[in-house]
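> Following full-length UniProt numbering, the numbering of the sequence shown begins with 1 at its first residue and continues without gaps.
The structure that follows is given in the form of structure tokens.
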Amino acid sequence: MSLSFLSKIERDINTPTIAVLQKLCNALNISINDLISNVHPSPCVNKENRKPIYENSDSLYEQATPPNEFLKGDILTIFPNSEIKTYEHVFDEVGLILEGNINVILDGTEYRLSEGDTVYVRKGTNHIIKNTSNTEKCVTYWVKAILPAI
């Protein structure tokens, strides 16, 4: 898709097809519904309405903030005797321990965190999160600022 075509769409000279709209939405990390909906999402997400991002035998990861916002908040529940090997990412994030205890390894240095403690993870940092308890889950809340694609 060329810049001149995008310019024509912006100036209402061309009308994009659904396929073109989908490509634009993918690039902007939004859905077509976000473009055409007049409904503004609630700033609140009730516990029973959280959307699971993924769940496996080690953890449950849930979206805790409305979608398509600059700040993203997620609830990560780490089950007993589980380890989460995270990837390097392009954003900083802050984690708050809501329940239980975890070990966080940042670039090879291990930290023990308990309920009420926080951890700041800089972008590009290798990190691992471990719940070493045999019986207790650990519930954490993570906030990150996601810059929109340009």
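Quick reminder that beta carbons are idealized off the backbone N, C-alpha and C, glycines included.
These numbers were taken from a predicted model, which means no experiment stands behind them.
Could you name the residues of the same chain whose beta carbon sits closer than 6 Å to that of Met1, not counting the 5 residues immediately before and after it, in chain order?
Your numbering for residue 1 matches position 1 in the sequence shown. Contacts found: none.
> Please classify Gly108 as buried or exposed, where buried requires at least 16 neighbouring CB atoms within 10 angstroms.
Looking up residue 108 in the sequence shown gives position 108. Result: exposed.
> Give the DSSP-derived three-state secondary structure of Ile18 in the structure shown.
Within the sequence shown, numbered from 1, the residue matching residue 18 stands at position 18. Note: Ile18 maps to helix in three-state DSSP.
> Quick one, are the C-beta atoms of Val139 and Glu93 less than 8 Å apart?
Along the sequence shown, read from residue 1 onward, the residue named residue 139 stands at position 139. Along the sequence shown, read from residue 1 onward, the residue named residue 93 stands at position 93. No, these two residues do not count as a Cβ contact at 8 Å.
> Bridge partners for His127 per DSSP, in chain order?
As a first step, residue 127 is located in the sequence shown; it is residue number 127 there, counting from the start. The partner list for His127 (beta bridge, DSSP) reads Leu106.
> Buried or exposed: which applies to Thr135, given that a residue is buried once 16 or more other Cβ atoms fall within 10 Å of its Cβ?
Here residue 135 refers to the residue found at position 135 when the sequence shown is read from its first residue. Exposed, by the Cβ-count rule.
> Can you give the Cα-Cα distance for Tyr141 and Leu21, rounded to whole angstroms?
Stepping through the sequence shown from its first residue, residue 141 is reached at position 141. Stepping through the sequence shown from its first residue, residue 21 is reached at position 21. If I take the Cα positions, the gap works out to 34 Å.
> Give a yes or no on contact between the segment 52 to 68 and the segment 77 to 92, applying the rule of three or more CB pairs nearer than 8 Å.
The answer is yes - the segment 77 to 92 touches the segment 52 to 68, with three or more Cβ pairs under 8 Å.
> Taking the alpha carbon of Glu115 as the point to measure from, which residue in Leu3, Lys123, Lys144 and Asn101 has its own alpha carbon closest?
Counting from 1 along the sequence shown, the entry for residue 115 is found at position 115. The residue with the shortest Cα to Cα distance from Glu115 is Asn101.
> Could you say which of Asn29, Thr125 and Lys51 lies nearest to Phe70 if we only look at CA atoms?
For the purposes of this step, residue 70 is identified with residue 70 of the sequence shown, where counting begins at 1. Taking only the C-alpha atoms, the option nearest Phe70 is Asn29.
> What's the C-alpha gap between Leu98 and Ile75?
Along the sequence shown, read from residue 1 onward, the residue named residue 98 stands at position 98. Along the sequence shown, read from residue 1 onward, the residue named residue 75 stands at position 75. If I take the Cα positions, the gap works out to 9 Å.
> Is it true that the CB of Pro80 sits closer than 8 Å to the CB of Asn14?
In the sequence shown, residue 14 corresponds to position 14, counting from 1. In the sequence shown, residue 80 corresponds to position 80, counting from 1. No, the Cβ-Cβ distance between Asn14 and Pro80 is not below 8 Å.
> Considering Cα atoms alone, identify which of Thr65, Asn26 and Pro41 is closest to Lys47.
The count along the sequence shown starts at 1 and reaches residue 47 at position 47. It is Thr65.
> May I have a chain-ordered list of the beta strand (DSSP E) segments no shorter than 3 residues that lie completely inside the segment 36 to 111?
Counting whole runs of 3 or more residues, the segment 36 to 111 contains the beta strand (DSSP E) stretches 51 to 55, 59 to 63, 71 to 78, 82 to 85, 93 to 99 and 101 to 106.
> For Val133, which of helix, strand or coil comes out of DSSP?
Position 133 of the sequence shown holds residue 133. Rather than Val, the amino acid found at residue 133 in this sequence is Ser. In the structure shown, Ser133 sits in coil (DSSP, three-state: anything other than H, G, I, E or B).
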